[in-house]
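Note sheet for the following structure.
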Amino acid sequence: MSYYTTLGVSKTASHDEIKKAYRKLSLQYHPDRNSGNDDKFKTINEAYETLGDGDKKHIYDRQQNNPLSGMFANQSDVNNVHRNMMSGSDMFQELFSDILNQHKSHGTFSFGGNVGQNRSPNIRVFHNGIPVNIGRQPSIKPEPIHINLEVTLNDIFHQCEKTCKYSHYKIDDSNTKIIVSSHITFNIPGDTINGKVIKLVGEGHNNNGERGDLVITLTVNKHETFEKQDDDIIMTKNISLLDALTGFVMTFTHISGKQYSINNSPGNIIQPNYQKSINGLGFRKKDNNSYGNLIVKFYIDFPTSLSVNQMSLLKQALE
């Protein structure tokens, strides 16, 4: 399967289209959301690491269009290339022998009057139109960017789309470092809890093609009515002693925005710390096919004092 098929894009897709497809699939198959999809997640990352990088994508496209592009048709081609490489090496030795000798004896070298210490020259060689780096150290993966993002229970319940703005640096072949403002859009996972970490591979700093990661830590703001407990929604309701003994009708607005009513019929006495569980009104579960429960916790407000007459009537009623 080609990398384009893996990401679900065409060969003519733009960089932004490839990036958007990767974000969608990486969230869909992230191990935190779908256990058992580790191989699929790795395949998606592997495809994006190639198609998301201009040079790597160019090489990959050439290989796809001509699988023999990296091979030689016959032995004479090998000999010709070998002779060309040797002549190129001789030319390099002749042009830079003084500089290299100076580098070996003193630990420094110079180009155009600029002095560098203990660094290898960065030389660009092109083979079949593809740049090949000779004499440069491999790029090191940059440190991750850490961002804190506040979300609400409504964001989690509806798995809302969030846009996160941030800055990252980009270093090119000439070691020029520039700061770039960027943004990324993603959906809040339904299983989010306070402190949940989302790692977006390859969205951080760019060190000469080696991409760092973007790490987002989610902070869940407190809701005035509801709490999140795993896949369940917790709602606390205070009722009077009279309501607990004689029944009541309670109407409330669910986190989804819908109106619901709880009807406790007369004769059904609410005990202290009683909990009522309503199936299917919680958060969406990891499998995305079912929901948790709404758990209503009842607390009874007892009177702080009673008159003599009230106590007498209460005693008569309960005897």
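In case it helps, full-length UniProt numbering puts the sequence shown at residues 1 to 319. No residue lacks a Cβ here, since even glycine has one placed at the ideal position from N, Cα and C. Keep in mind it's a predicted model, so treat the numbers as computed, not measured.
Give the DSSP-derived three-state secondary structure of residue i in the structure shown.
i, result
"Glu161", "strand"
"Leu200", "strand"
"Lys177", "strand"
"Ile156", "helix"
"Ala47", "helix"
"Asn148", "strand"
"Arg23", "helix"
"Asp39", "helix"
"Tyr29", "coil"
"His15", "helix"
Measuring only from the beta carbon, is residue i closer than 7 Å to any heavy atom that is part of the ligand GDP?
i, result
"Ser35", "Of ligands this structure carries none, so the ligand GDP is not represented either."
List the endpoints of the continuous beta strand (DSSP E) containing residue i.
i, result
"Leu218", "Leu214 to Val220"
"Lys56", "It is not in any beta strand (DSSP E) - Lys56 instead sits in the alpha helix (DSSP H) that spans Gly54 to Asn65."
"Glu227", "Phe226 to Gln229"
From residue i to residue j, what does the alpha carbon distance come to, in whole angstroms?
i, j, result
"Ile269", "Tyr299", "13 Å"
"Pro266", "Gly247", "4 Å"
"Phe283", "Asp39", "27 Å"
"Ser35", "Asp16", "28 Å"
"Gly195", "Leu214", "15 Å"
"Thr304", "Gln159", "44 Å"
"Asp301", "Lys24", "49 Å"
"Pro189", "Asn65", "39 Å"
"Ile178", "Asn273", "60 Å"
"Gly52", "Thr236", "49 Å"
"Ile184", "Val201", "12 Å"
"residue 325", "Asp155", "In the structure displayed, the chain extends from 1 to 319; residue 325 sits before or after that span and is not available."
"Leu318", "Glu161", "56 Å"
Residue range of the alpha helix (DSSP H) that residue i falls in?
i, result
"Lys315", "Val308 to Leu318"
"Thr192", "Run containing Thr192: none; DSSP gives neither H nor E here."
"Thr5", "Tyr3 to Leu7"
Write down the C-beta distance between residue i and residue j rounded to the nearest angstrom, noting that I regard them as a contact closer than 8 Å.
i, j, result
"Thr219", "Asn148", "6 Å"
"Ser182", "Tyr166", "6 Å"
"Ile278", "Asn288", "Their Cβ separation, rounded to whole angstroms, is 20 Å, which puts Ile278 and Asn288 out of contact at 8 Å."
"Glu210", "Pro142", "7 Å"
Suppose only complete runs of 4+ residues qualify. What are the alpha helix (DSSP H) ranges in the stretch 234 to 302, listed by chain order? 241 to 246
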